[in-house]
Amino acid sequence: MERLERNGLTITWLNGGVTHMDGGAMFGVVPKPLWSKKYPHNEQNQIELRTDPMLIEKDGYRILVEAGMGNGRLDEKQKRNYGVLEESSVEKDLAELGLTPQDIDMVLMTHLHFDHATGLVKEDSGKYVSTFNNAIIYTSDVEWKEMQQPNIRSRNTYWEQNWKPIQNQIKTFTEQIEVLPGIRLIHTGGHSDGHAILVIEHQEETFIHLADIMPTHAHANVLWVLAYDDYPMTSIKEKEKWFAYAKEREAHFLFYHDFKYRALKWNEQGEITESIERKR
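Read in order, the letters of the sequence shown are residues 82 to 361 in our numbering.
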C-alpha cells in the first residue's frame, strides 16, 4: 500500500479493484494518436482504470474517499463489459492496518457511479448490507437525488442495490461541506450533475482530488474531458478553475483511477516534480 505522510495527516491507497474502459470514451473527442501517447491501452482499445479508495487519517478520524468495486457484486457479463479483472481487497488492506470496515468514521463520495459506489454495499446471508455501517456517507444533494431517481442515461450507473442499504447513513450538502477542519467536499457538476471534488488543506500544503473531471494524469489538459460526462462544458470550466487554484497553492493532485500515479505535483511547465507511483 502506498502512503503519503505528513505531520498529523496520512493518506493510504487501498486496493479497490480495477476496470478497463474504452479509451475513446475516456478521452471524448481527443483523437487516439494524441491520447495514446499519454496513457497506454490494450488490444481492445481499453485503458486501465484503478478504483482504489484513499484512507485519510487525521485528528483521530478515519475517512475513506470513494469505495471501490466491492466483491461479488458484479455478474460475469458485467465483469466482461467493464473489464473488471480484479475485485476489491479493501477489507484485507484495512486488516493489514489493524482496522475493520466498522472503524471508518466517514466515507466521502465525489459521486455515486457504480465504479465509485459499489464497494459501499456487500452481500451478507443473501441480503445487501452496508459495508461501512458506522460511517457517515457524504455526497451532494443533487447526486443523491439522481442516485434514487436516475434518468434514461444514468440508470445504467446508479444502481438501486447501491443506495438502499446505505440510505440511513447519508448526509448531503449543497455547495460544499467541511467534514473536518481543512477537508472539504465541493460540488462542481460536470461529470455528473452532482459531481464533487475533494480539497485538503493541511498546514502549509494543499491536496486536491478532482475525481472524474480529471480521472488520470493524462487528463490534465482542460479540454480533455470524458464522453461519459453529462455536462462536458461544466467539466472544462471547473477544471480550469481548480487548476488555477492548484497552481496558486502548488497543490498535490490525488488520484483514484490512475494506473500509474497515486499523487503528483506539476510545475509551471507541466513537468512532474514530485510523485507517488503505484507499486505493481
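Where is the CB? At the ideal position from N, CA and C, for every residue including glycine.
Since the model is a prediction, treat every value here as computed from it, not as a measurement.
Is it buried or exposed for residue i, if we count other Cβ within 10 angstroms and need 16 for buried?
i           : result
residue 158 : exposed
residue 110 : exposed
residue 262 : exposed
residue 210 : exposed
residue 93  : buried
residue 106 : exposed
residue 277 : buried
residue 149 : buried
residue 123 : exposed
residue 206 : exposed
residue 118 : exposed
residue 166 : exposed
residue 114 : exposed
From the DSSP secondary-structure annotation, give me the bridge partner or partners of residue i.
i           : result
residue 27  : Residue 27 lies beyond the stretch modelled for the chain, which goes from 82 to 361, so this question has no answer here.
residue 356 : 345
residue 252 : 219
residue 92  : 85, 137
residue 362 : Residue 362 lies beyond the residue range present for the chain, which begins at 82 and ends at 361; the question has no answer from this structure.
residue 324 : Its beta-bridge partners do not exist; DSSP assigns none.
residue 333 : 288
residue 145 : 136, 188
Tell me which residues share the same chain as residue i and place their Cβ nearer than 8 Å to its Cβ, disregarding the 5 neighbours each side in the sequence.
i           : result
residue 347 : 301, 334, 353, 354
residue 89  : 139, 140, 283, 284
residue 134 : 94, 95, 97, 145, 146, 147, 148, 149, 171, 200, 337
Going by alpha carbons, who is nearest to residue i out of the options?
i           : options            : result
residue 168 : 155, 179, 326      : 155
residue 40  : 171, 282, 324, 312 : Residue 40 falls outside the range modelled here, since the chain spans only 82 to 361, and no answer is possible.
residue 304 : 108, 186, 242, 102 : 108
residue 240 : 188, 255, 224      : 224
residue 142 : 185, 96, 306       : 185
residue 294 : 312, 326, 286      : 312
residue 342 : 306, 290, 328      : 290
residue 405 : 242, 229, 254      : As displayed, the chain neither begins before 82 nor continues past 361, which places residue 405 out of reach and without an answer.
residue 218 : 247, 226, 230, 203 : 247
residue 250 : 189, 319, 324      : 189
residue 288 : 331, 315, 84       : 331
residue 323 : 267, 286, 299      : 267
residue 358 : 238, 298, 137      : 298
residue 175 : 198, 212, 162, 163 : 212
residue 87  : 137, 197, 152      : 137
Using a Cβ-Cβ cut-off of 7 Å (strictly less than) and excluding sequence neighbours within five positions of residue i, which residues of its own chain qualify?
i           : result
residue 222 : 253, 254, 255
Please list, in chain order, all residues of the same chain as residue i whose beta carbon is under 6 Å from its beta carbon, the five residues on each side excluded.
i           : result
residue 54  : What the structure shows of the chain is the stretch from 82 to 361, and residue 54 is not part of that stretch, so it cannot be assessed.
residue 178 : none
Residue ranges of each alpha helix (DSSP H) within the stretch 165-243, 4 or longer | 171-177, 195-198, 222-229
Every unbroken beta strand (DSSP E) within the stretch 259-320, with a cutoff of 3 residues, ordered by chain = 264-268, 277-283, 286-290
Just list the alpha helix (DSSP H) runs in the stretch 100-143, keeping only unbroken ones of 4 residues or longer that don't cross its boundaries, in chain order.
-> 104-108, 113-116
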